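Numbering-wise, the sequence shown is residues 69 to 238 according to my numbering.
Every residue gets a Cβ at the ideal spot worked out from N, C-alpha and C, and that includes glycine.
Since the model is a prediction, treat every value here as computed from it, not as a measurement.
Right, one structure below, let's go through it.
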Amino acid sequence: MGALSDRIIAKAERQTGCEMPYLHTLADTSGAAFARWMLAMPATTYRDKASLDAWHLARLGATVAQDCGTCVQVVVSMARKEGLAASTLQLALDDPAQLHDDAQAAFAFGQAVASQAPDVADHVARMEALFGHDVHVELAMAVATCLMFPVIKRGLGQSLSCSMVTVHMD
69 MGALSDRIIA KAERQTGCEM PYLHTLADTS GAAFARWMLA MPATTYRDKA SLDAWHLARL
129 GATVAQDCGT CVQVVVSMAR KEGLAASTLQ LALDDPAQLH DDAQAAFAFG QAVASQAPDV
189 ADHVARMEAL FGHDVHVELA MAVATCLMFP VIKRGLGQSL SCSMVTVHMD
């Protein structure tokens, strides 16, 4: 799988602006593990009925709760590429309580799920009330799949020396 996996990883790194050593580890250790990881990637981008803001902000909230920076940068870069305003993302990172209600609720939902907050049931109920069942399920899937990245990095010992990074909005 060497050359093919190298091309796939290089493309992902270009698209996100971040190095992905965990993918190199997977590919170098087991082509089968890398292939199965890649099979999961379409699930990480599934969005049907959820608004762009709610979907990306739920992912951002979850990622902020789990990661020190590089995964946050990937989520921000993806959101910007899809048209989410830099000002919205910056507000979410700096002062999420100032986001409009739906956006703040989606961000808080992501954080609550990712951090196993004791009030997660309240956030679940709020998602159902604000967005309906279908969008709530979609946001739960978005949160779950975006957490694959910081978790694999942590499991491989590749986030242990992570340091806070400056998140770029461009």
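Checklist entry - According to the Cβ coordinates, are Thr112 and Met216 closer than 8 angstroms? => result Yes; because the gap between Cβ atoms is below 8 angstroms, this pair is in contact.
Checklist entry - For chain B, is any of its Cβ atoms less than 8 angstroms away from the one on Val181? => result No chain B is present in this structure, which holds just one protein chain.
Checklist entry - Among Gly223, Leu224, Thr213, Lys221, which residue has its Cα nearest to the Cα of Trp123? => result It is Thr213 whose Cα lies nearest to the Cα of Trp123.
Checklist entry - Between the C-alpha atoms of Ser73 and Arg194, what's the straight-line distance to the nearest angstrom? => result If you take the alpha carbons of Ser73 and Arg194, they lie about 41 angstroms apart.
Item to check | Nearest to Asp170 (by Cα), restricted to the options Gly200, Val188, Ala189, Glu150 | outcome: Among Gly200, Val188, Ala189, Glu150, the Cα nearest to that of Asp170 is on Gly200.
Checklist entry - Excluding the five sequence neighbours on either side, which residues of its own chain have a C-beta within less than 7 angstroms of the C-beta of Ala160, listed in chain order? => result Spatial neighbours of Ala160 in its own chain (CB-CB distance under 7 angstroms, excluding positions within 5 residues in sequence) are listed in chain order as Leu125, Leu128, Leu167, Phe175.
Checklist entry - Taking the alpha carbon of Glu87 as the point to measure from, which residue in Val132, Val140, Leu120, Ala118 has its own alpha carbon closest? => result The option with the nearest alpha carbon to Glu87 is Val140.
Next on the checklist: Please report the straight-line C-alpha distance between Gln179 and Thr93, rounded to a whole angstrom.
Outcome noted: A direct Cα-Cα distance of roughly 28 angstroms separates Gln179 from Thr93.
Item to check | The alpha helix (DSSP H) enclosing Gly178, as first and last residue numbers | outcome: Gly178 -> alpha helix (DSSP H) spans 169 to 183.
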